[in-house]
Amino acid sequence: MPLVPPNLNLSLIHSTSSQILYSALSGQSNQYSKQFGSSSASIDTESLEEKKQHAKQLGQNLPGNDNQGNELTQDDPNQEKEKSKQPTKIATPAPTNQKILILQTNFLTHVTRLLNRQQLQELEIVDIFYLDALNDIQLPPLKKQQKKKKNTDQVTQEATPPSTQAPPYQNIYFICQPDLRLLKHVLDLVHKLREKERSEKRPSKIRLFLYIVPRITFIVKKVLSESEYGLNDIVLRELPIDLLSLDSDLLSMELNGCYKQCHLDGDFSSLYFVARSIMKLQSIYGVIPHVRAKGDHSVAITKMIQRMQRLAGSEKLDMPSSIHSLILLDRAVDLITPFRTQLNYEGLIDEVFGIENGLFEPRFKPCIPSGKKMVVLDFADRIFDEIRNFNIGFVGSRLKERAKQIGAWMNKKDSLRNATVSEIANYTRLLPQISEDKTNLEMHINIVQKLTSIISEREFRKRMESEQDAMTLSSRDRDSCLKYVEECIFKQEPLSKVLRILCLVSIVNNGLSVKKYQNLRSEILQSYGIEVSIALNNLHEMGLFTYYDSPTVRDINWKQIKSTFDLIHEAITDEFDLHQLFGSYAPLSVKLISTMASSGLQPSLSLLPGAQAQHDQKAKMRTNDKVCLVYFIGGVTRAEMSAIRCLNLQRGAEEPLYVIATTNVINGYDFVRPAFSGDQLKRDLQTMSAGEFHV
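Per this note's numbering: the sequence shown = residues 1 to 695.
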């Protein structure tokens, strides 16, 4: 169970993000931009004339500009005279402010977390679509106008109007990150929409809003300004939601693919976003007195924070701090861990079935007694919270013990005949939670049984053996590992599965021989097609799958590293041992974090690639608790999070209590897929989903 510092309430982040999103969707862009430091007020591209026209159609105040709205709705004597001359018309329903949301796929869960059903109804959100999967936008149907009858008091003797009238007014809100592919897709949808409106001769246009999370970048403005339907047709604004609270001890920016952006595309905007998110944390929890960074990008972020603090001024950050220290860690410092198969309960669910935005979709029966299609995996599920951080081999005994406890509690009802009123009241009060635990227990027993059957299969064991072989540095073991890879290529296993283990072999061995590299590359192209060369080239440029003496290879002394940080243990009997999370391998990243938190920047850190820095500043502490915020730049796996939680569960009086922040939550598949082209990515995902399990 994650230990939450009493003075560090992460729900503040949740409430702040919720307020930002609600304000944005209700049209109060100026309000939230001033409050949360967004520059959206200066980027609103809607003209004043358009605002007036839309305000008249809506029959209400201008969103985000109450004064103008009031002026537009004031009574005008001249207008009343004109109205009196006009013929009486059939009463029509008042126009609505209905909204359609078109979201980047991984944002849907976050919107439903940040806004409840009542808030969605208040905002008049009538439908939500996935941006990534949407090929066209269906316009609302035009309503037929009733024909006027002659010689009645209801209407005047005038020419019959057109047979259609404007549909209920709607806004379409696009919400996505500043990703070039997504931006082009948005513009394509806008183009199709406007062409439909033109061909159908609709009397009014649907208003279009594009919200960029968390900041508008130069490339966004450039792409929109060069488009036919760009800044003149789309209201462009920022949605400054930097961090989302995904769990009681986890904050995430949900910036997918940021490692590729920094190491392949040359786009370092995510580093700026991270720095801004840390500044927001300091504005809420106080200045962090001790900052340590490992990795080139982490050091760059440290410098950004220092510069931002100077510009902000000390008076804006002068409050007692709830966070004692901050550790910034580049994913590039430890590229080995993401490619290992996770064996803790939560990580194994992610490896085998996949976890998207904290949701797990079971694809086997029986699984969920309640019949739900999706399961939320977080601390609210007490059974899951107790077993999530431990190796699958230790989970069964914990579930058995929990079943005994719940069974004993449920049997208490037989002894309530002679109980006191307070005992009956206490039993009644706890009964709903115990009933929920019983349902969740049954579900997790089903999941564990399925996982156990999968990991006992020959294919899974071969994969684990190949990963072990990849890390021994023995030429014989390496050849055995590559032979397994060639078998996977021949069987046309999912490409991400093949490349994942190839990247692991390449990183540990500082590349492959040129001959072996070229042979494997040729086999992959022959089996999967020439279009796969894009992914192979991208992985080579990122230094993940390469050959000896390549300019992109990352030289590490793996033999010395695994010895210095005690990374490999074969025999594991302690369920809190970090080595149990990956099957004999303790995550290097967490070993580094433990070292940096307790001893600062030690000489042993120089064994790993990247610069390092330390920055200390004066700050008043709110309490004596040593809370350490660990920020992963480039993603963190669920097994690494479990390792950090295990450190919390075993910490001594002088050791820090860790809280996790990250750009995104990943596994090995997520790490290689950003290198794929769009078509190859779709094929890989289809191949993975077609099988019963990933591994």
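Every residue, glycine too, gets a C-beta built ideally from N, C-alpha and C.
Given a cut-off of 8 angstroms, decide if P587 and L601 are closer than it, judged by their beta-carbon atoms. no
Answer yes or no: do S26 and L123 have a C-beta to C-beta separation smaller than 8 angstroms? yes
Between the stretch 432-439 and the stretch 469-484, do at least 3 Cβ pairs fall closer than 8 angstroms? no
Indicate the three-state DSSP secondary structure (helix, strand or coil) for I556 in the structure shown. coil
L525 to C481, Cα distance in whole Å? Note on geometry: alpha-carbon atoms of L525 and C481 lie some 20 angstroms from one another.
Around the Cβ of N67, are there at least 16 other Cβ atoms within 10 angstroms (buried) or fewer (exposed)? Residue placement at N67 is poorly supported in this model, since its pLDDT is 39, which falls under 50; the coordinates still yield a value, given next. N67 comes out exposed.
Count the other CB atoms within 10 Å of the CB of M542; is the residue buried (16 or more) or exposed (fewer)? buried
Taking only three categories from DSSP, how would you classify S677? S677 falls in the coil class under three-state DSSP.
Output the distance between the C-alpha atoms of K591 and M471, rounded to the nearest integer angstrom. 17 angstroms
By how many angstroms is the C-alpha of M279 removed from the C-alpha of T622? Note on identity: in this sequence residue 622 is Arg, with Thr being the wrong assignment. The alpha-carbon atoms of R622 and M279 are separated by roughly 18 angstroms.
Compute the Euclidean distance between the alpha carbons of Q19 and I216, then round it to the nearest angstrom. 19 angstroms
When the Cα of K303 is compared with those of S322, R276, I323, which residue comes out closest? R276
Please state the DSSP three-state secondary structure of H14. Residue state, collapsed to three classes: helix.
Whole angstroms is fine: what's the gap from D469's alpha carbon to N557's? 17 angstroms
Give the DSSP-derived three-state secondary structure of C628 in the structure shown. strand
Using C-beta distances below 6 angstroms, list every residue in its chain close to L193, excluding the 5 sequence neighbours before and after it, in chain order. I137
I'd like to know whether the C-beta atoms of P656 and A613 end up nearer to each other than 8 angstroms. Between P656 and A613, the gap from beta carbon to beta carbon reaches 8 angstroms or more.
Between I13 and L224, is the Cβ-Cβ spacing less than 8 angstroms? No, they are not a contact pair.
Among the candidates T637, G354, G583, whose CA atom is the shortest distance from the CA of R718? Within the shown structure, residues of the chain are numbered from 1 to 695, placing residue 718 beyond reach of any answer.
Just to confirm, are Y211 and Y173 a CB contact at a threshold of 8 angstroms? Cβ distance < 8 angstroms, so Y211 and Y173 count as in contact.
Write down the C-beta distance between F576 and C628 rounded to the nearest angstrom, noting that I regard them as a contact closer than 8 angstroms. Not confirmed; about 19 angstroms, so no contact.
Using the Cα positions of S269 and D574, report the straight-line distance between them to the nearest angstrom. 42 angstroms
Where does the unbroken alpha helix (DSSP H) through F490 begin, and where does it stop? 475-490
Let me know if R461 comes out buried or exposed under the rule of 16 or more other beta-carbons within 10 Å of its beta-carbon. Per the 10 Å Cβ criterion, exposed.
Any chance the CB of K516 is under 7 angstroms from a heavy atom of the ligand NAP? As far as ligands go, the structure on display features none, and thus does not contain the ligand NAP.
DSSP on A300, reduced to helix/strand/coil? helix
Can you tell me whether Q282 is buried or exposed, with buried defined as 16 or more other CB within 10 angstroms of its CB? It counts as buried.
Which full runs of the beta strand (DSSP E) of 3+ residues lie inside the stretch 324-398, going along the chain? 325-330
Would you list the residues sitting across from A661 in a DSSP beta bridge? L251, Y631
In angstroms, rounded to a whole number, what distance separates the CA positions of L139 and R202? A direct Cα-Cα distance of roughly 10 angstroms separates L139 from R202.
Please report how far the alpha carbon of E197 lies from the alpha carbon of K373, in whole angstroms. 37 angstroms
Pull up the distance between the alpha-carbon of G405 and that of I434, whole angstroms please. According to the sequence displayed, residue 405 carries Gln and not Gly. So the two alpha carbons sit approximately 10 angstroms from each other.
The stretch 353-362 / the stretch 306-325 touching (three or more Cβ pairs under 8 angstroms): The stretch 306-325 and the stretch 353-362 do not touch, with fewer than three beta-carbon pairs separated by less than 8 angstroms.
Please classify F490 as buried or exposed, where buried requires at least 16 other C-beta atoms within 10 Å of its C-beta. exposed
Can you tell me which residues form a DSSP beta bridge with L244? Paired residue(s): S252.
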